[in-house]
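Novice:
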Amino acid sequence: MEERVKSLVVERPGRLSIETRAIPEPASGEIRIKVERAGICGSDIHILHGSNPFARYPRVIGHEFFGRIDKLGDGVHARLGARIVVDPVVACGTCYPCSVGRPNVCAQLAVLGVHRDGGFSEYACVPAENAHLLPDSVGDDQAPLVEPFSIAANITDHTSVFASDIALVYGAGPIGLTVIQVLKHVYGVKELIVTDRIDQRLEAARNNGADRVINTAQTALPAALADAGVTPTLIIDAACHPSILAEAIEIASPAARIGLLGFSAEPSTIVQQKVTAKELAIHASRLNSGKFAKVIDWFASGTLQPERLITHRFGLDDYAIAFDTFEHNPTECCKVQLIF
7 MEERVKSLVV
17 ERPGRLSIET
27 RAIPEPASGE
37 IRIKVERAGI
47 CGSDIHILHG
57 SNPFARYPRV
67 IGHEFFGRID
77 KLGDGVHARL
87 GARIVVDPVV
97 ACGTCYPCSV
107 GRPNVCAQLA
117 VLGVHRDGGF
127 SEYACVPAEN
137 AHLLPDSVGD
147 DQAPLVEPFS
157 IAANITDHTS
167 VFASDIALVY
177 GAGPIGLTVI
187 QVLKHVYGVK
197 ELIVTDRIDQ
207 RLEAARNNGA
217 DRVINTAQTA
227 LPAALADAGV
237 TPTLIIDAAC
247 HPSILAEAIE
257 IASPAARIGL
267 LGFSAEPSTI
277 VQQKVTAKEL
287 AIHASRLNSG
297 KFAKVIDWFA
307 SGTLQPERLI
317 THRFGLDDYA
327 IAFDTFEHNP
337 TECCKVQLIF
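Here the sequence shown stands for residues 7 to 346, numbered as in our numbering.
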């Protein structure tokens with residue numbers, strides 16, 4: 007009898023369900039993973055609602071996942087049972103972006119869980135080269151967080167970070183918190199300021215390394231910074247609102263760097279004169295370009311505390327509650343994990 011597995015599938019926008027499918031077989035150059043844990047991301051919600059411009063349906067979603075090697079495709083040499091996490095960036099390796107070390111914007115980019123089936127499944131097949139071995143010092147609960155922290159690793163590599171920086175992070179959601187931890191605990195910035203509109207998220211920001219928090223539902227950010235006498239030298243937008251870039255340009259120090267995360271399709275109105283007069287550097291960042299090994303080292307050394315972000319865990323059969331919690335409970339929820 008054919009072995010069957012459960013997979014969490016977005017059949018079409020608005021329709022999420024568990025499907026029972028034939029167990030996948032790894033192609034040449036692939037491995038099969040027995041998935042053990044996976045994290046829900048905001049992009050999974052966008053795919054569910056049809057607002058991710060890159061998704062194709064039906065789709066097994068999930069790009070933050072961890073498990074053990076279960077089967078090898080032809081040409082693959084690896085240890086069965088090895089604990090691994092999977093970089094979701096699948097690139098061609100030959101186009102211009104790939105040739106300059108930026109496979110995350112490959113001309114033929116395929117992201118697991120977006121363009122091709124991902125990890126919200128009892129078993130998943132992935133390119134062997136995308137699998138990264140985990141040391142025993144990285145726990146099972148930490149493992150699915152390697153991917154979100156790779157987002158922080160990517161943007162901070164783009165902007166560069168100095169111990170003398172006065173850093174400002176817009177947004178204390180899950181990705182904002184990864185950036186906060188990296189800025190404070192990896193780079194040791196002089197001062198770390200975080201802004202959000204939800205008090206509970208600002209408290210989480212403090213717990214993850216913020217020195218100063220500002221609730222912009224109560225206080226205008228430019229005025230709060232002026233009252234404190236601080237001018238940011240590094241600004242990271244992890245909130246992705248169209249008004250942020252213009253404000254960041256206004257409040258940034260001359261020679262500051264601004265990093266942008268997210269995919270807002272709304273226009274932002276900026277004045278080039280201010281960018282040039284201050285000689286600001288504006289960096290966009292998508293996914294990650296080979297940052298998994300770096301993040302695993304950060305986890306293994308204890309430099310970061312990724313488990314601080316986990317607030318909820320659910321079994322696969324409770325996926326509806328898990329997704330509802332992630333989407334509709336921002337005051338209490340950060341990272342939600344599915345246990346397989």
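Note that beta-carbon positions come from the ideal geometry of N, C-alpha and C, so glycine has one too.
Go through its chain and collect everything with a Cβ distance to Q343's Cβ below 8 angstroms, but skip five positions before and after it.
Specialist: Once the five neighbours on either side are set aside, the close Cβ partners of Q343 are R43, A44, G45, I46, D147, P150, I316, H318, R319 and F320.
Novice: So T252 packs on I276, CB below 8 angstroms; how close in whole Å?
Specialist: The residue asked about is misnamed: residue 252 is Ala in this sequence, not Thr. Sure, about 5 angstroms apart at Cβ, within 8 angstroms.
Novice: Quick test of your reading: A173 and V195, contact by CB under 8 angstroms. State the CB separation rounded to the nearest angstrom.
Specialist: Indeed they touch by this definition, with Cβ atoms about 5 angstroms apart.
Novice: Quick check: what's the CA-CA separation for R74 versus I250?
Specialist: For R74 and I250, the distance between alpha carbons rounds to 41 angstroms.
Novice: Since G35 contacts G79 with CB under 8 angstroms, what's their CB separation in whole angstroms?
Specialist: Contact holds; Cβ gap of about 6 angstroms.
Novice: Measuring only the C-alpha atoms, how far is R218 from Y325?
Specialist: In a straight line, the C-alpha of R218 is about 36 angstroms away from that of Y325.
Novice: So does the region 228 to 246 actually touch the region 119 to 137, counting three or more Cβ pairs closer than 8 angstroms?
Specialist: At 8 angstroms Cβ cutoff, the stretches do not touch.
Novice: Report back the beta-carbon spacing between Y129 and K40 to the nearest angstrom; my notes put them in contact at under 8 angstroms.
Specialist: Their Cβ separation, rounded to whole angstroms, is 6 angstroms, which keeps Y129 and K40 in contact under 8 angstroms.
Novice: Using DSSP bridges, identify the partner residues of P133.
Specialist: For P133, which the question treats as bridged, DSSP gives the partners E36.
Novice: Tell me which same chain residues have a C-beta within less than 7 angstroms of the C-beta of E8, skipping the five on either side of it?
Specialist: Only A28 meet the Cβ criterion.
Novice: With distances taken between CB atoms, is the gap from L310 to S291 smaller than 7 angstroms?
Specialist: No; because the gap between Cβ atoms is not below 7 angstroms, this pair is not in contact.
Novice: Which partner residues does V95 have in the DSSP bridge list?
Specialist: Beta-bridge pairing links V95 to V117.
Novice: Buried or exposed: which applies to Y102, given that a residue is buried once 16 or more other Cβ atoms fall within 10 Å of its Cβ?
Specialist: Exposed, by the Cβ-count rule.
Novice: Over the uninterrupted beta strand (DSSP E) stretch that includes T26, give me the two end residues.
Specialist: Run containing T26: R21 to A28, per the beta strand (DSSP E) assignment.
Novice: Work out the CA separation of I181 and N221 for me, nearest whole Å.
Specialist: For N221 and I181, the distance between alpha carbons rounds to 18 angstroms.
Novice: Where does T337 land, buried or exposed, given buried means 16+ other C-beta within 10 angstroms?
Specialist: By the 10 Å Cβ count, T337 comes out exposed.
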